[in-house]
Amino acid sequence: MPTISFRDKLKYRFDNFMSKGTGALILALLIFSVAIILVASAIVLLFNLDDGGGDLPQQIWNNLNRIIDAGYLGGDEGNWPFLILMLAVTAGGIFIFSTLIGVLTTGLEDKIDQLRKGRSFVAESGHTVILGWSPQVFSVVQEIILANESLKRACIAVLADKDKVEMEDELRDRIEDTLSTKIVCRTGDPVDMDDLSIVNPTAARSVIILPEHEPGSDAATLKTVLALNNIMGDTDEGPHISALIRDSRNLPAAKVAGGGRAVFLTATEIIARITAQTSRQSGLSVVATDVLDFSGDEIYFHRDDALTGMLYRQAIQAFDESAALGVRRASGDIQLNPSMDSRIDAGDSLIVLAEDDDKVVLSRDKEPAVDESAINLSDPPQATPEKTLLLGWNVMGPPLVHSLDGYVAGGSSVHIVAPTPPETEALAGELVNTTPSVQIADTTDRAVLDSLSVTDFHQVIVLSQEDLEPSRADAATLATLLHLRDIADTNNASFPIITEIFDRRTQDLARTARADDFIVSDRLLSLMLAQVSENRELAVVFDELFSSEGAEFYIRPVTQYLESSATVNFHTLVEAAARKNQTAVGYRLAKFASDPDQDYGVRLNPAKSESVTFSADDMVIVLADD
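Heads up: the sequence shown begins at 21 in our numbering, then just goes up one per residue.
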């Protein structure tokens, strides 16, 4: 065993003391200063080096001034030993203060570095916490900012395993105006409870979990939910959690992990449902986006004692500037487009679409002005088989084909073209109305696309290639989309093209001036996630709206409801739809179908007293069960 010398022990203790940080260094300099002052004062008095220097307190004061102010030495007089000693005291003072400046500078730099690391506690309450970092974060933050617009002071705290400064720079580049919302970024692992505590989730209004685009991201989401529940304990208080699950097979485990606190959205299935719906109905993509984002009309739950006892048929006419969608019963059950003869009971709330909650006001007119002479109900045409062209294949393929099968008539077909063989054997046995066929080919090859007779299909859907990284997959998808648009223009044909794109910058490149075309991306999930984070009950509403079961949005010819070229108010159109047990929520004017400034002719939630002249090509947006 080696012998430890006194020098080694002293050095070891000195190192430990110095490693304690800036405070310890300042304390050491203070001790050194006091030692110099006391020793020098004692020597002066002991050897009587200064005849007129006074007693010990006076000597201490004089030496303190010499340490603080090097110029004080210029006024000293006396013998050489005294002057040499005072010179040493002054030199010690210079050393002490120069060292102090260095210590303070280093300490300040260390503090700035710590702040840059984003490890300080977020002393906020009622804020929104976002856990994780993905391309969706920009859309989510933007929507939360819009949701907070009416608040004087709001905060969004982002925690991710990413450099704080990088996060702040990216958010600053993508989001121009944060309005009244402050954005705070912190670096940490959302799975770690100590790191989670940094963003103060127990005092938050809501928590949003964003998974990465990586295999196994659902496992990280479940761990984060468990960590949050451990922090918040068994209490029912605290924020509700909204999270995305990539694989629907993990949903049962997620619900167990979340208990009653978390709401989960299955990303792949939701995008597949929306894609299936928008591919079959021109303009429905505009409706879906308008309903989901905070910049357009939003869904509210409105309770009013004046509605108690009303029939649903009466309630949908009772608001001039908001459109009813259904009823939330006092028990919590959500009923979209219920029977027109169903009654609104005490404790029930009307589910409405409105520009803002202060626009949900009962109309003073007790009886709506309905033009009976303009109403002309006709049955929709018999559904016919549809042909769908599906270019590309990835994890969204199976739920997309399943969703399409729930909408189309029997005898329909879907032709799948992909560079690698898709697994469709099990899928084919589960389909009822659709027959799948597969072709192995490069979907970016113009010769391949020309050979497919694209114009013969009712709709074309382009999926990203799952074996490529997002940027390369988007490049291939963009090439396919450009070929398809050129084929449509060359043949003077019109068919909807639904395209899946990951990167937001590529989405801007692929932006189109046709409502029949739609860019499917994670932005829709971001919008839905932001809405659910503000009101968790909306998850049930969205689940029914964007599924093939229950009530959903349809865009149908106005001639199924009104006389051709009729000029009527929206009250009349609402009444016409109600006689078919449908809830009218808007219309689409054909003359603006190619005008993005007019939302491609789509008008959601128009004022019911507003008169409109409809042509035979115009459409009605209704909420219906089929």
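We put the CB at the ideal spot given by N, CA and C, even for glycine.
Source: prediction; values computed, not measured.
Alpha-carbon spacing of Asp325 relative to Pro388, whole angstroms: In the sequence shown, the residue the question calls residue 325 occupies position 305. In the sequence shown, the residue the question calls residue 388 occupies position 368. Looking at the two C-alpha atoms, the distance is approximately 20 Å.
Nearest residue (CA-CA) to Thr241, options Pro231, Leu488, Leu248: Here residue 241 corresponds to residue number 221 of the sequence shown, with the count starting at 1. Nearest of Pro231, Leu488, Leu248 to Thr241, Cα basis: Pro231.
Neighbourhood of Ala598 by C-beta, 7 Å cutoff - its chain only, sequence neighbours within 5 removed: Position 578 of the sequence shown, counting from 1, holds the residue named residue 598. Only Arg333, Ile336, Met360 meet the Cβ criterion.
Completely contained beta strand (DSSP E) runs for the stretch 319–361, where each covers 3 or more residues: Runs found: 342–348, 354–356.
Bounding residues of the beta strand (DSSP E) (the contiguous stretch that carries His435): The residue labelled residue 435 in the question sits at position 415 within the sequence shown. It spans 432–438 - the beta strand (DSSP E) in which His435 sits, taken as one unbroken run.
Asn36 (DSSP reduced to helix, strand or coil): Taking the first residue of the sequence shown as position 1, residue 36 is located at position 16. Here Asn36 sits in helix by DSSP.
Check whether Cys175 and Thr201 have beta carbons under 8 Å apart: As a working mapping, residue 175 is identified with position 155 in the sequence shown. As a working mapping, residue 201 is identified with position 181 in the sequence shown. In this structure, Thr201 lies closer than 8 Å to Cys175 by Cβ.
Cutoff 7 Å; reference Lys172; Cβ partners in own chain excluding five residues on either side: By one-based count along the sequence shown, residue 172 stands at place 152. These residues qualify, in order along the chain: Ser200.
Residues that DSSP places opposite Thr633 in a beta bridge: Here residue 633 refers to the residue found at position 613 of the sequence shown. In DSSP, Thr633 forms a bridge with Thr587.
Rounded distance between the beta-carbons of Ile229 and Ile261, thought under 8 Å: Working through the sequence shown from its first residue, we reach residue 261 at position 241. Working through the sequence shown from its first residue, we reach residue 229 at position 209. Taking 8 Å as the upper bound for CB-CB distance, Ile261 and Ile229 are in contact here, some 7 Å apart.
Limits of the unbroken alpha helix (DSSP H) element including Leu549: Numbered from its first residue, the sequence shown carries residue 549 at position 529. Note, Leu549: alpha helix (DSSP H), 542–554.
Exposed unless 16 or more other CB atoms sit within 10 angstroms - verdict on Phe26: Looking up residue 26 in the sequence shown gives position 6. Phe26 should be labelled exposed.
Segment contact flag, the stretch 429–445 with the stretch 511–520, C-beta cutoff 8 Å, min 3 pairs: These segments do not touch.
Unbroken alpha helix (DSSP H) run spanning Val421, endpoints: As a working note, residue 421 is residue 401 in the sequence shown. For Val421, the enclosing alpha helix (DSSP H) stretches over residues 417–427.
Close-in-space but distant-in-sequence residues of the same chain around Ser433 (CB under 6 Å, 5 per side omitted): As a first step, residue 433 must be located in the sequence shown, where it is residue number 413. The answer, listed in chain order, is Lys407, Thr455.
Secondary structure of Gly122, DSSP reduced to three states: Counting from one through the sequence shown, the residue named residue 122 turns up at place 102. Three-state result, Gly122: helix.
The beta strand (DSSP E) enclosing Ile228, as first and last residue numbers: Along the sequence shown, one-based indexing puts residue 228 at 208. Note, Ile228: beta strand (DSSP E), 226–229.
Assumed close pair Leu331, Leu345 - CB separation to whole angstroms, cut-off 8 Å: Position 311 of the sequence shown, counted from the first residue, corresponds to residue 331. Position 325 of the sequence shown, counted from the first residue, corresponds to residue 345. About 16 Å separates the two Cβ atoms, so there is no contact after all.
Under 8 Å between C-beta atoms of Ile395 and Ala604: Counting from 1 along the sequence shown, the entry for residue 395 is found at position 375. Counting from 1 along the sequence shown, the entry for residue 604 is found at position 584. No. Outside cutoff.
Glu97 versus Asn82: straight-line alpha-carbon distance, rounded: Locating residue 97 in the sequence shown gives position 77, where the first residue counts as 1. Locating residue 82 in the sequence shown gives position 62, where the first residue counts as 1. Answer to the nearest angstrom: the Cα atoms are 13 Å apart.
The stretch 152–167 in contact with the stretch 134–143 per 3-pair CB rule at 8 Å: Judged by pairs of C-beta atoms under 8 Å, the stretch 152–167 does not touch the stretch 134–143, as fewer than three such pairs exist.
Per DSSP, cross-strand counterpart(s) of Ile481: Numbered from its first residue, the sequence shown carries residue 481 at position 461. Per DSSP, Leu410, Ile518.
First through last residue of the beta strand (DSSP E) which encompasses Arg269: By one-based count along the sequence shown, residue 269 stands at place 249. Careful: Arg269 lies outside any beta strand (DSSP E) and carries neither H nor E.
Ile57 (DSSP reduced to helix, strand or coil): What you label residue 57 is simply residue 37 of the sequence shown in a count that begins at 1. Ile57 falls in the helix class under three-state DSSP.
Span of the alpha helix (DSSP H), counted from its first residue to its last, around Pro77: Sequence index remark: in the sequence shown, residue 77 carries index 57 (1-based). Judged by DSSP secondary structure, Pro77 falls within the alpha helix (DSSP H) whose first and last residues are 76–88.
Spatial distance of Val283 from Gly417 (CA atoms): Looking up residue 283 in the sequence shown gives position 263. Looking up residue 417 in the sequence shown gives position 397. Cα to Cα, Val283 sits roughly 25 Å from Gly417.
Buried versus exposed call for Met106 [16 or more other C-beta atoms within 10 Å across all chains shown]: Position 86 of the sequence shown, counted from the first residue, corresponds to residue 106. So Met106 ends up on the buried side.
Cβ-based neighbour list, Ser237, same chain, cut-off 8 Å, excluding 5 preceding and 5 following: The residue given as residue 237 occupies position 217 in the sequence shown. Here the set comprises Pro231, Arg266.
Alpha-carbon spacing of His478 relative to Ile517, whole angstroms: Reading the sequence shown from its first residue, position 458 is the one you call residue 478. Reading the sequence shown from its first residue, position 497 is the one you call residue 517. For His478 and Ile517, the distance between alpha carbons rounds to 10 Å.
Leu47, buried or exposed, once every other Cβ within 10 Å from all chains shown has been counted against 16: Here the question's residue 47 lines up with position 27 in the sequence shown. Residue burial is scored here from C-beta neighbours: Leu47 has fewer than 16 other C-beta atoms within 10 angstroms and is therefore classed as exposed.
Assigned exposure category for Val276 - 16 Cβ within 10 Å defines buried: Along the sequence shown, one-based indexing puts residue 276 at 256. Under the 10 Å beta carbon count, Val276 is surrounded by fewer than 16 other beta carbons and is classified as exposed.
The beta strand (DSSP E) enclosing Thr148, as first and last residue numbers: Reading the sequence shown from its first residue, position 128 is the one you call residue 148. For Thr148, the enclosing beta strand (DSSP E) begins and ends at 148–151.
Proximity winner among Asn625, Val347, Asp340, Thr592, relative to Thr328 (alpha-carbon distances): Working through the sequence shown from its first residue, we reach residue 328 at position 308. When the alpha-carbon of Thr328 is set against those of Asn625, Val347, Asp340, Thr592, the nearest one is in Val347.
Cβ shell of Thr110 (< 8 Å), same chain only, five flanking positions each side left out: Against the sequence shown, residue 110 aligns to sequence position 90. Cβ within range, chain order: Arg86, Ile87, Ala90, Tyr92, Leu93.
Opening and closing residue of the beta strand (DSSP E) in which Glu572 lies: If you number the sequence shown from 1, residue 572 lands on position 552. 572–577 is the extent of the beta strand (DSSP E) around Glu572.
Neighbourhood of Leu248 by C-beta, 7 Å cutoff - its chain only, sequence neighbours within 5 removed: Taking the sequence shown and counting its residues from 1, one reaches residue 248 at position 228. Closer than 7 Å at Cβ, skipping near neighbours: Leu216, Pro221, Val227, Ile261.
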